[in-house]
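**Q** So that we are looking at the same thing, I have put the structure below in structure tokens.
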Amino acid sequence: MFTKRKKSIDITDRDLSDPEKHEKQCIFIRNNYLFTLWGLTMHLILLWGVLDINFHSPIIRGLPIVPASSEPPAKRLLLFVADGLRFQTFIEKPPPYLRDIMKNKGVWGISHTRVPTESRPGHVAIVAGLYEDPSAIFKGWQENPVNFDSVFNQSHVTWAWGSPDIISMFTKGNKQNVYGQSYPSTWQDFDANLSNQTTRLDSWVFDAYSEWLQSSSAEKVKNQNGIILFFHLLGCDTLGHAKKPHSREYVENMNYVDRRIKETVNMTEHFFGKETAYVFTSDHGMTDWGSHGSGSPTETETPLIVWGAGIKSSGFRQDVEQASITPLIASLIGIPIPVNNEGALPWQYFDMSYHKYVAYSLLNNVKQLAHQITGNRAINCENIDQIDWRETEINDQIRKAEQHLYRKNMMAGIRVGNEAINFSKEALSYFRQFQRIKFLICLSIMWLGWIIMLFLKITRVVERQNVRTFLLQIINVVFASLLIIMLIRHIMSDCGNWRLPCYATFALISAWLAITTLLKSTSAFEEENTMKLLVDTGGILLLLVILFIGLTYRFAFSIGILIFVLIRVVKSDNAPTFMIWTSLALCIFPLLPVVEPYPRIYIVIIGVCIAIAIANVNDEMSRSQKIMETLRLIVTSLVYLEFIDGRYWISWIILLTTPLCIWFYPKETKKRMLGIMFGFICPLTLLSTSYEPLFFMTLTINLICWLEITSTTSKSSGQQQITVDLVKAAFFMLYILLCFFGTGNMASISSFDPSWTRHFVTIFSPFLMTSLILFKLCIPLIIVGCASYSLESIEREKSTSLAVLFLGDCLSLPLMYHVTPYGSWLDIGSAISKFIITLSLPCLFVLLRCLLRPLMNIYFGRIWIDLSKKKHIV
29 MFTKRKKSID ITDRDLSDPE KHEKQCIFIR NNYLFTLWGL TMHLILLWGV LDINFHSPII
89 RGLPIVPASS EPPAKRLLLF VADGLRFQTF IEKPPPYLRD IMKNKGVWGI SHTRVPTESR
149 PGHVAIVAGL YEDPSAIFKG WQENPVNFDS VFNQSHVTWA WGSPDIISMF TKGNKQNVYG
209 QSYPSTWQDF DANLSNQTTR LDSWVFDAYS EWLQSSSAEK VKNQNGIILF FHLLGCDTLG
269 HAKKPHSREY VENMNYVDRR IKETVNMTEH FFGKETAYVF TSDHGMTDWG SHGSGSPTET
329 ETPLIVWGAG IKSSGFRQDV EQASITPLIA SLIGIPIPVN NEGALPWQYF DMSYHKYVAY
389 SLLNNVKQLA HQITGNRAIN CENIDQIDWR ETEINDQIRK AEQHLYRKNM MAGIRVGNEA
449 INFSKEALSY FRQFQRIKFL ICLSIMWLGW IIMLFLKITR VVERQNVRTF LLQIINVVFA
509 SLLIIMLIRH IMSDCGNWRL PCYATFALIS AWLAITTLLK STSAFEEENT MKLLVDTGGI
569 LLLLVILFIG LTYRFAFSIG ILIFVLIRVV KSDNAPTFMI WTSLALCIFP LLPVVEPYPR
629 IYIVIIGVCI AIAIANVNDE MSRSQKIMET LRLIVTSLVY LEFIDGRYWI SWIILLTTPL
689 CIWFYPKETK KRMLGIMFGF ICPLTLLSTS YEPLFFMTLT INLICWLEIT STTSKSSGQQ
749 QITVDLVKAA FFMLYILLCF FGTGNMASIS SFDPSWTRHF VTIFSPFLMT SLILFKLCIP
809 LIIVGCASYS LESIEREKST SLAVLFLGDC LSLPLMYHVT PYGSWLDIGS AISKFIITLS
869 LPCLFVLLRC LLRPLMNIYF GRIWIDLSKK KHIV
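Counting in my numbering, the sequence shown runs from 29 upward without gaps.
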């Protein structure tokens, strides 16, 4: 079926006396480093490219500002943003004052947010009318990575009070018209026992406003137009994480905010008069278990209530997109709409006595969107010297609306303007996605080229003896010519957007490397045993299909584990009983409900008790190791039950001493794997909320049994065949995805809940908390990586990790086309999560596999024995 793979150069058997052999070794090492660097570059480009294609930054520099209409209904606006307040809880138990506003004094509706449902993108959508810039992913949620235009910038002056993470976003880089005050960041504590202190987060904001009203700053702007007063209220978000959004404390905080808003409105009316508008909303919602970040309705539906000057007082309901709040704020106080706004003015919110002003404001909204369409067409280099028919259509609609307004036919102008906005948003979406197919083709060619090179690397094919030099020269000339022609054509087009040429360049280079490597390599296949080749290939494809289905339906992983058990039982004469039972147990976990952040303490403690029992009945462990692990598990359980506060040093000692505990176990595979299990079970328990420790222990015992079978069946197997490596890699890929989906789902990758890290840190620290959560996700991957390391050490083969990467990359290719900015928020979030999981988990596995050498090889016991043998210390 296959030719035997030719021996690769063994870099561990160096003969420096042979210069020719030494030179070959150096070339081999250099080629490996270059291959690794190229693979890392390909993965980073694909990840960035898919996000860039579908979620490219909507910000365009240099767009003209459309002047605002004169005589706005309000001189000032108070913007209340109750962070983390979801619509479901609000409407089920509406607070009295805001409920009265909804029924009798204003208009209301649902504000639909987009993923990711986090504080930063939510506030950007509210005040700037645009959805998150992808570059913010790499620069953090706390920082404003781009100087986007917002209603704060366009206002005469803005004062803001609230959390330092949000207020600093808008005070940095502004044009000196935004002033902000914040409380200390240490106040943002998610400790559930401190829930009675969270009201100070909101009370400080309202008290700061009361003090401001008595200052000279308030007197200076008492009769000034275009004033915004921003209240960021973090109490609901903090209590939602700590106590959950259906709790009594969450509702009480919502009612407290309601009372203070009533007091604030009365103070404002008394000081300024009646020419004030009010907007109450939220940046994002929250799940029942207190997390947010993905696309479920509880996270994407937030309340919106508007009342005051210029607003209907009939209890009218009109649901809007979150970005539409921006033109609403701008139109109420008569300031220009931010240049990159993509929201549509909800003109139905205005009182009919302002129908003339509304008509002109709606027309300004259309003109602002038309400028964005022109800017996006220019960026895409589409008909640079000509106007697109869509722009012509929008300009005709603008002229038609202006004619209606000139004839005093305001309602007809409003109707035409509303139609023009809908058409403008469609045209804007078209130009933003205009080159999507071209980008995807370039990324696909680039990725296929990388996959071919990776496959040739796995099969270890070597260079042909008789390389077709003439053909290679022709290919080199063809690809160089294509690259030069493409670059010259782009330069001659006067297009300033280099995104497509850059992707096309990487695609050409990847295709050139793949084709030249393929021509230089020997064939790995022969004509004989075609049936066995088809059977092996069919098995690999079946496992890939199961993995693909499992990304959406977790139960498919249970089917994959059952297939794995059957194969191992058939191929082994005496499969260990523990392996069969632990495999059947692993099948249960994907069928269980997804682990929720709400702690199920009794399940976690049961896992600790089972770990203590395993430690004391295990014959592979010494007495001192049993005592050590029992004490660690007891202390861990006391911290988890909160009899001991571990946040300051105990939890961190347990985490940081994990490698030291592991290195006291012998380097024998079974004993070291047990040591790794007991070493990580304690920090994993502190980060767990349900059955994660049980899953981890079951997975470890199952892998140990698998390694025992492999060590007895593979010693005399010789050099492994290609399909054997790929089948083995498919099973490792199954375990890798099971590490994540055995306890989680797609939403878990984007949702965030501080209760996961409550035993380490409760004060809001996004980077530290995210690092701990990522560490928790990596712990099962570490044990699978250790199994891979042990297996490759037994078989003296180094291709399993690369084969895992190969299968993961093959799986990510079709998922690349499923990522889309259209559809429901849940569909968008799920598509992104599936792609990132299949692309990143195998890479993380390979990275961990490279970093596990110290974890598997260092042994303190040997050092202790050597020291004990010395009789004299000089």
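The beta-carbon is built from N, C-alpha and C at its ideal position, and this holds for glycine as well.
Please read these numbers as outputs of a predicted model, since none were measured by experiment.
Does the Cβ-Cβ distance between residue 359 and residue 371 come in under 8 Å?
**A** No.
**Q** Pick from 797, 146 and 759: whose alpha carbon is nearest that of residue 315?
**A** Closest option to residue 315, Cα to Cα, is 146.
**Q** Short of 6 Å in beta carbon distance, which residues of its chain neighbour residue 777, apart from the five on each side in sequence? Order them along the chain.
**A** Confidence at residue 777 is low in this model, with a pLDDT of 49, below 50, so its placement is unreliable and no value can be given for it.
**Q** Looking at the structure shown, is residue 622 part of a helix, part of a strand, or coil, going by DSSP?
**A** Residue 622: coil per DSSP, three-state reduction.
**Q** For residue 785, which residues from the same chain have a beta carbon less than 6 Å from its beta carbon, with the 5 sequence-adjacent residues on both sides left out?
**A** So the list reads 797 and 800, once near-sequence residues are dropped.
**Q** The beta strand (DSSP E) that contains residue 185, what's its start and end?
**A** Its beta strand (DSSP E) spans residues 185-190.
**Q** Taking the CB atoms as reference points, tell me whether residue 695 and residue 887 lie closer together than 8 Å.
**A** It is a contact, given that the beta carbons lie within the stated cut-off.
**Q** Just to confirm the assignment, what range does the alpha helix (DSSP H) spanning residue 99 have?
**A** Counting along the chain, residue 99 falls outside any alpha helix (DSSP H), and DSSP gives it neither H nor E.
**Q** Taking buried to mean at least 16 other C-beta atoms within 10 Å of its own C-beta, is residue 647 buried or exposed?
**A** Exposed, by the Cβ-count rule.
**Q** Could you tell me which of 449, 451, 450 and 428 sits nearest to residue 440, measuring between CA atoms?
**A** Nearest option by C-alpha distance: 428.
**Q** In the DSSP assignment, find the alpha helix (DSSP H) that holds residue 354 and state where it starts and stops.
**A** Counting along the chain, the alpha helix (DSSP H) containing residue 354 begins and ends at 353-361.
**Q** Give the list of continuous alpha helix (DSSP H) stretches no shorter than 4 residues that lie fully inside the segment 271-320.
**A** 276-300, all fully within the segment 271-320.
**Q** So, helix, strand or coil for residue 345, using DSSP?
**A** Here residue 345 sits in strand by DSSP.
**Q** Going by DSSP, what residues sit across from residue 108 in a beta bridge?
**A** The partner list for residue 108 (beta bridge, DSSP) reads 259 and 308.
**Q** Rounded to whole angstroms, what is the Cα-Cα separation between residue 524 and residue 339?
**A** Whole-angstrom Cα-Cα distance: 44 Å.
**Q** Using the rule of at least 16 other Cβ atoms within 10 Å of the residue's Cβ for burial, across every protein chain shown, is residue 176 buried or exposed?
**A** Result: buried.
**Q** Does the separation of the CB atoms of residue 567 and residue 755 fall below 8 Å?
**A** Result yes, Cβ atoms of residue 567 and residue 755 sit closer than 8 Å.
**Q** Let me know the secondary structure DSSP gives residue 331 once reduced to three states.
**A** Here residue 331 sits in strand by DSSP.
**Q** With distance defined between alpha-carbon atoms, name the residue in 678, 619, 701 and 79 nearest to residue 649.
**A** Comparing Cα-Cα distances from residue 649 to each of 678, 619, 701 and 79, the minimum goes to 701.
**Q** With H, G and I counted as helix, E and B as strand and the rest as coil, what does DSSP make of residue 136?
**A** Reduced to three states, the DSSP call for residue 136 is strand.
**Q** List the residues that DSSP assigns as beta-bridge partners of residue 207.
**A** According to DSSP, residue 207 bridges with 187.
**Q** Thinking just about the alpha-carbon of each residue, which of 442, 453 and 408 is nearest to the one in residue 421?
**A** Comparing Cα positions, the closest option is 453.
**Q** Hey, residue 914 and residue 252 are a contact pair by Cβ (cut 8 Å); roughly how many whole angstroms apart?
**A** The structure shown does not extend to residue 914, since the chain spans only 29 to 902, so no value can be given for it.
**Q** Quick check: the Cα distance between residue 515 and residue 528, rounded to an integer number of angstroms?
**A** Those two C-alpha atoms are separated by around 11 Å.
**Q** Let's see if you can read the secondary structure: which residues bound the alpha helix (DSSP H) around residue 649?
**A** No alpha helix (DSSP H) holds residue 649; DSSP gives it neither H nor E.
**Q** Along the chain, where does the alpha helix (DSSP H) that runs through residue 772 open and close?
**A** Element bounds for residue 772: n/a, residue is neither H nor E.
**Q** For a test of the three-state rule: what should DSSP assign to residue 788, helix, strand or coil?
**A** Looking at residue 788 - three-state DSSP - the assignment turns out to be coil, as it is neither helix nor strand.
**Q** Per DSSP, which one or two residues make a beta bridge with residue 339?
**A** Answer is 378.
**Q** So residue 869 packs on residue 764, CB below 8 Å; how close in whole Å?
**A** With a Cβ gap of about 5 Å, residue 869 and residue 764 count as contacting.
**Q** Cα separation between residue 736 and residue 717?
**A** Going by the C-alpha atoms only, they are around 32 Å apart.
**Q** Counting along the chain, where does the alpha helix (DSSP H) carrying residue 474 start and finish?
**A** Unbroken alpha helix (DSSP H) run through residue 474: 464-487.
**Q** Under 7 Å Cβ to Cβ from residue 364, same chain only, skipping five residues before and after it: list those, please.
**A** Hits under 7 Å: 93, 94, 95, 96, 182 and 358.
**Q** In angstroms, rounded to a whole number, what distance separates the CA positions of residue 745 and residue 548?
**A** Its pLDDT being 42, under 50, residue 745 is placed unreliably in this model, and the value from its coordinates should be taken loosely. Each residue's alpha carbon lies about 29 Å from the other.
**Q** Taking 7 Å as the limit between beta carbons, can you name the residues of its chain near residue 349, skipping five residues before and five after?
**A** Cβ neighbours of residue 349 beyond the five flanking positions: 140 and 371.
**Q** Ignore the nearest five residues each way along the sequence and tell me which others in residue 230's own chain have a CB closer than 6 Å to its CB.
**A** Same-chain partners within the cutoff: 261, 263 and 285.
**Q** Apart from the five residues just before and just after residue 99, which ones in its own chain have a Cβ nearer than 8 Å to its Cβ?
**A** Answer for residue 99: 362 and 385, listed in chain order.
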